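Take a look at the structure set out below.
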Amino acid sequence: MQVEPADAIFHQFARIADALSSPSRLKLMDRLCQGEQTVEHLAEAAGLSVSNASRQLRILAECRLAEVRRDPPRVYYRIAGERVVRFWFSLRELAREQLSELDRIMVDLVAGRDSLLPISRDELLAKMQTGEVVVVDVRPEAEFRAAHIPGSLSIPVEQLEARLAAIPSGKQVVAYCRGPYCLLSVDAVEVLRSRGIPAVRLEDGVPEWRAAGLPLQTA
Numbered sequence: 023m024q025v026e027p028a029d030a031i032f033h034q035f036a037r038i039a040d041a042l043s044s045p046s047r048l049k050l051m052d053r054l055c056q057g058e059q060t061v062e063h064l065a066e067a068a069g070l071s072v073s074n075a076s077r078q079l080r081i082l083a084e085c086r087l088a089e090v091r092r093d094p095p096r097v098y099y100r101i102a103g104e105r106v107v108r109f110w111f112s113l114r115e116l117a118r119e120q121l122s123e124l125d126r127i128m129v130d131l132v133a134g135r136d137s138l139l140p141i142s143r144d145e146l147l148a149k150m151q152t153g154e155v156v157v158v159d160v161r162p163e164a165e166f167r168a169a170h171i172p173g174s175l176s177i178p179v180e181q182l183e184a185r186l187a188a189i190p191s192g193k194q195v196v197a198y199c200r201g202p203y204c205l206l207s208v209d210a211v212e213v214l215r216s217r218g219i220p221a222v223r224l225e226d227g228v229p230e231w232r233a234a235g236l237p238l239q240t241a
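This is how it looks when you write it as structure tokens:
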């Protein structure tokens with residue numbers, strides 16, 4: 023069978039599609055949007071072995087979806103630009119619009135654990151201006167160091183119960199994590215409310231905050 027010369031074009035399109043055909047690589051894409059991190063941190067955040075994460079990250083880098091930086095003995099990866107972040111957002115939105123199963127899965131995961139709607143970024147900004155909230159970043163510390171909402175406290179969700187005293191009293195707590203499909207903030211709100219602390223989760227994460235043109239800090 024004769025191969026059309028134009029097929030080479032679609033082969034390049036297929037490289038991107040193939041790179042995104044693995045749930046593990048999609049999870050790594052989501053973690054890369056948090057900021058530059060080592061392979062070890064990315065592996066832990068995605069629940070993968072270091073060797074597997076390294077292999078999957080190389081595939082993303084080969085398709086120019088991720089970029090690598092070597093600072094021996096560490097190897098760092100980051101997302102390959104804001105265009106890739108926007109593509110990731112578009113893919114998520116397409117999946118939500120076309121696949122009703124996605125919303126059902128989220129409802130099942132959150133049902134009975136967080137009866138309140140998440141707070142929007144505009145609502146949070148207004149509350150931050152009046153000083154009536156404490157913003158808590160419940161992601162791993164490596165992701166907080168890569169980028170975080172200015173003024174937020176870094177208390178990874180697994181440390182939350184042990185560090186409740188670090189949270190100023192008398193204010194509502196707004197917990198945020200990696201974005202709309204991350205459950206770390208749901209876990210955090212559940213812990214805080216069980217201790218009598220008024221808490222709500224932010225619907226956005228750092229990538230959405232950055233995409234909105236809002237400032238971020240690094241540590």
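Read the sequence shown against the numbering used here and you will find it ends at 241, with the numbers running on by one and no gaps. Backbone N, C-alpha and C define an ideal beta-carbon position, used for all residues, glycine too. Quick caveat: nothing in here was measured; it's all calculated off a predicted structure.
Extent of the continuous beta strand (DSSP E) to which residue i belongs
i	result
residue 101	96-101
residue 181	Per DSSP, residue 181 belongs to no beta strand (DSSP E) and is neither H nor E.
residue 159	155-159
Burial state of residue i (16 or more Cβ within 10 Å)
i	result
residue 154	exposed
residue 123	exposed
residue 21	Here the chain has residues from 23 to 241 only, and residue 21 is not among them.
residue 73	exposed
residue 127	exposed
residue 84	exposed
residue 237	exposed
residue 227	buried
Residue nearest to residue i in terms of C-alpha spacing, selected from the options
i	options	result
residue 42	86, 26, 71	86
residue 204	45, 26, 49, 27	49
residue 221	198, 237, 235	198
residue 129	92, 202, 170, 103	202
residue 162	33, 110, 232, 62	62
residue 92	32, 139, 60	60
residue 239	165, 44, 182	165
Range covered by the alpha helix (DSSP H) that runs through residue i
i	result
residue 151	143-152
residue 34	29-41
residue 189	Premise fails: residue 189 is in no alpha helix (DSSP H) and is neither H nor E.
residue 65	61-68
residue 50	45-54
residue 83	72-84
residue 215	206-216
residue 230	228-233
Cross-strand partners of residue i (DSSP beta bridge)
i	result
residue 239	170
residue 89	100
residue 133	Answer by DSSP bridge pairing: none, since residue 133 is not bridged.
residue 196	157, 222
residue 113	DSSP, once it has assigned bridges, lists no residue as partnering residue 113.
residue 121	Its beta-bridge partners do not exist; DSSP assigns none.
Residue-chain proximity (residue i, chain D), Cβ-Cβ < 7 Å
i	result
residue 95	This model lacks chain D altogether, as it is built from one protein chain only.
Handout entry: Cβ contact (3+ pairs, closer than 8 Å) linking the segment 30-39 and the segment 127-146
Key = no
Handout entry: Three CB pairs or more closer than 8 Å across the segment 65-80 and the segment 107-114
Key = no
Exercise for the section: Check whether the segment 211-226 touches the segment 189-196, taking contact to mean three or more Cβ pairs, one atom from each stretch, closer than 8 Å. Expected result: Taking a contact to require three or more Cβ pairs closer than 8 Å, the segment 211-226 and the segment 189-196 qualify as touching.
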